[in-house]
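Accompanying notes for the structure given below.
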Amino acid sequence: MIDTMNKLAYSKDEPADLVNVAIEELIHQKYELPIYNTLKDAANDVRKRSYRMIYHNLLNENQKESVNQLFEVSEGSTNSPWNQLKEDAKRATLSHLELSLLAEIG
């Protein structure tokens, strides 16, 4: 089951997809299905491992530094750049666009 999930973890991002594949594999192998939380936890573990592998093996040092900086809170600030990325977009107006561009420029 875990091997099947591992194979698909790099092409499927949703845990539900991994759970479905695991269920299909268990049925194919004629195993009794475990409780849903067991499958969900296994899918989450597989996703974490695949994300770590991508981070460590595919990103160069500059890219890793850029990702790490997203989670650093600068002195005098209460939010990280990651929090800013997660914010809902404001209404699409020219003034909001100008403010965003000015904020990016510094």
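Number 106 marks the last residue of the sequence shown (this note's numbering); no jumps. Ideal Cβ positions, reconstructed from N, Cα and C, are used throughout, including at glycine.
Let's test the definition: count the other Cβ atoms within 10 Å of the Cβ of Ala92 and tell me whether it reaches 16, buried, or not, exposed. As a position in the sequence shown, residue 92 is number 92, starting the count at 1. Exposed.
Distance check for Gln84 and Tyr51, CA to CA, integer angstroms please. Position 51 of the sequence shown, counting from 1, holds the residue named residue 51. Position 84 of the sequence shown, counting from 1, holds the residue named residue 84. Cα to Cα, Tyr51 sits roughly 22 Å from Gln84.
CB-CB under 7 Å to Leu33, same chain, minus the five flanking residues each way: which ones, in chain order? What you label residue 33 is simply residue 33 of the sequence shown in a count that begins at 1. Answer for Leu33: Ile23 and Leu26, listed in chain order.
Cα separation between Ile54 and Leu8? Position 54 of the sequence shown, counted from the first residue, corresponds to residue 54. Position 8 of the sequence shown, counted from the first residue, corresponds to residue 8. Going by the C-alpha atoms only, they are around 14 Å apart.
Buried versus exposed call for Val46 [16 or more other C-beta atoms within 10 Å across all chains shown]: Numbered from 1 along the sequence shown, position 46 holds the residue referred to as residue 46. Label assigned to Val46: buried.
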